[in-house]
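Numbered according to this note's numbering, the sequence shown terminates at residue 1204, and the numbering increases by one at each position without gaps.
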Amino acid sequence: MTVKGGRWDGNEIALTDDFNNNTTNLIENYDYIMEILGDSMVVTGLEASELGTPAMSVQVSEGIAKYSEGFLLTDALSSLAIADADSTSDRIDIIEIRRTTEDITPETRQVKDATTGDVTSTTIYTEVEYQTEIAVVTGVAGSSVAPSVDSGWLKIAEVFVGASVTAIYDENIYNVDADRSGVNNTSWTNDQATVYRNGTVLDMRTAIQENSDNIATNANNITANTDNISTNASDISTNSNDISTNTSNISTNTDNISSNSSAISDNTSNISSNSDAISTLNSEAVKANEENTFTEKQTFEESLIAEKPVIGFPSGVSLVGSSLSVATSDVSITAMSSTRIAMVDDNNFLRAYDWNGSTWSLVGSSLSMSIDLMQISALSSTRIAIVGASTLATYDFNGSTWSQTGNALTISNLDFPYIAALTSTRVAITDNGSTGIDALRAYSFDGSDWSLTGTSLSTGFSASGLCALSTNKIVLFDTSNERIRTYYFDGSTWDLLGNYTTTDSFSAVFAGAISPNSILEYYPINSQLRIYQSYGSVFELGAVLSESVVASSIAALTGTTFAVASSSEDTLSTYKLDFTAGPPAPVFS
């Protein structure tokens, strides 16, 4: 594009087109310069923030932006009203901006007819004013996605409007955070890649330097891996020599076996006895080896607890973001991902809630069920298992609605059961039963039906909860004897691993695994949050955190954050563990 401007010769009488062309050319020149800079972007400013005295309004700072309609400029702080919050549901609004034009400054001018030469008076507008319009688009109550930006507008922010709120704060406002074209705005729920914020030269230099450091680090890793390959090649060569030597030994031993055949015959009965003993020892050794093979216990398919093992014991715990009023009691929750939990309450409603890093919000619709005494555990990011007074069932969530999958299984004599997912198709269940003595069982789901897997184990005591550490290991809380016990399932039978851990007296415990060797527990009696950790089969108390956390159910979101549902406070909250200590000494059993 060629840069254009207006032009007159001498005392030429200017025409209306001359004025219009001069203004149009000026703006076109600015648009052309901005177009060279790339896609839609905020050049500077245009950031939304809370008012000095927070209320149901936000303010947008002056700034410059470029988008499909050209460039736009604001030179004053704008205040925008946010519609009143819904009484029961959250929503997400957006702030958008656009450029408009208006003809201004009318004046009486002499106009000469180009054909007749007649001169007459008329009113013309001598200026065109380019203005900026900023607006709020109100979202839909109950939706976790913001409305789409309108055609001809540029989106600059999303605003989270919680149910019943009376003020908007900075923590509810999500401005443009993408730093280059084509990169998503990570905090937005819709139209993530429509605009980016232009960084300074210093920002660009910092980003280039960081990428350069990463390239250098990766180069070192490649070199280290090359050395490992070379070392492994040497090991293979050494092992080949060992095989050759062992072949010679086998030949020699064959001769010895032949000469000692009569002795072997005489000791057949001893060998048979020793064989039984060896079999028993090998079985114990295999179990012990599996117990101490830490990496094998992190293969829980789609597991949250394998995300990041806890290192050291926490020194404190703190509330993250704000709590959500859920107005329920006797609640059970389970983490379906690091940002989503499923919740069931004593009113028999099943719901899903999403976490955006600062607030919880209801996602999709609730499902009313007829199962009593429900406890839940996530099988995957879209599926949960529910156990009730006599029923084991499966439910799927498609991001909007819940629906039952497959057939429910009737289980006789369940009484206050607890459930923990071992894999995406297998759960462990403990129940009080009609005899008053708990049974520990495994059930598998084939996509249509649940069935008992292996044999049940009568534990001989009452349990108040359990959680899974891996695909075949669970922790069970022995209420009657004030102990924590670890059990291993080999696909057929349950076995107690090692000894037990003695705890204080409790009638109920709410717990969750935050790594394959760490469990987080809340004891309602003394309102204590505790961390137990082990590298063997016995868990040792590592930290007692007497914080203002009131829990009725706990679900680990990551290795350091966890969701807490409180029936007494009617809230859903997120807490973060703070770690300052080094790793604890390993515990072997």
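Beta carbons: idealized from backbone N, C-alpha and C, even for Gly.
Same chain, Cβ closer than 7 Å to residue i, neighbours up to 5 away in sequence not counted
i, result
"D699", "M671"
"T1186", "S938, L939, S940, V941"
"A1170", "I948, T949, A950, I956, G1127, F1177, A1178"
"I697", "M671, S672, V673, D708, V751, V774, V776, I783"
"T1118", "E1097, R1098, I1099"
"T954", "D969, W970"
"E684", "R713, R714, G767"
"Y789", "A772, E773, S802, W803"
"T703", "A778"
"M984", "N963, L965"
"V935", "T1176, T1189, Y1190, K1191"
Element boundaries [beta strand (DSSP E), containing residue i]
i, result
"T1101", "1098-1104"
"E717", "706-727"
"I771", "769-776"
"G762", "According to the sequence displayed, residue 762 carries Pro and not Gly. Premise fails: P762 is in no beta strand (DSSP E) and is neither H nor E."
"T1093", "In the sequence under discussion, the amino acid at residue 1093 is Asp, which differs from the Thr named in the question. Looking at the DSSP string, the run of the beta strand (DSSP E) that includes D1093 is 1088-1093."
"A750", "734-752"
"D1046", "1041-1046"
"A696", "693-696"
"N813", "Premise fails: N813 is in no beta strand (DSSP E) and is neither H nor E."
"F1012", "1006-1012"
"F1177", "1176-1181"
"W1065", "1065-1073"
"V1002", "998-1002"
"L1084", "Note, L1084: premise wrong, no beta strand (DSSP E); not H, not E."
"I1169", "1168-1171"
Buried versus exposed, by CB contacts within 10 Å (16 or more), residue i
i, result
"K681", "buried"
"A691", "exposed"
"T804", "buried"
"P721", "exposed"
"A772", "buried"
"I719", "exposed"
"V1042", "buried"
"L1192", "buried"
"V1159", "exposed"
"A793", "buried"
"T741", "exposed"
"T809", "buried"
"E744", "exposed"
"A993", "buried"
"N1013", "exposed"
"V932", "buried"
"V734", "exposed"
"D785", "exposed"
"K727", "exposed"
"L930", "It should be pointed out that residue 930 corresponds to Ser in this sequence rather than to Leu. Looking at its Cβ environment, which holds fewer than 16 other Cβ atoms inside 10 Å, S930 is exposed."
"V1090", "buried"
"Q1148", "buried"
"S1133", "buried"
"G667", "exposed"
"G754", "buried"
"E748", "exposed"
"S694", "exposed"
"S736", "exposed"
Distance cut-off 6 Å: residue i Cβ against heavy atoms of the ligand NAP
i, result
"L695", "Looking at this structure, you won't find the ligand NAP or any other ligand, since it has none at all."
Same chain, Cβ closer than 6 Å to residue i, five either side skipped, listed in chain order
i, result
"W1109", "L1055, L1072, Y1102"
"R795", "Y811"
"D705", "G777, A778, S976"
"E1184", "V1165"
"V780", "A700"
"S1015", "G979"
"T659", "G678, I679"
"K923", "Annotation note: pLDDT 37 at K923 (below 50); position unreliable, no value reported."
"V760", "T804, N805"
Nonlocal neighbours in the same chain, by C-beta distance under 8 Å from residue i, ignoring five residues either side
i, result
"D945", "D960, D961, S1167, S1182"
"L1024", "T1006, L1007, A1008, Y1058, D1064, W1065, S1066"
Residue i - partner residues in DSSP beta bridges
i, result
"F686", "K681"
"S664", "Q674"
"Y968", "I956, L977"
"L939", "L1187"
"S947", "V959"
"N571", "The chain is shown from 616 up to 1204; residue 571 falls before or after that span and cannot be answered."
"S983", "F964"
"I1134", "A1128, Y1147"
"R1056", "I1044"
Under 8 Å, with one C-beta from each stretch per pair, do the segment 1058-1068 and the segment 1004-1019 reach the 3-pair mark?
Short answer: they touch.
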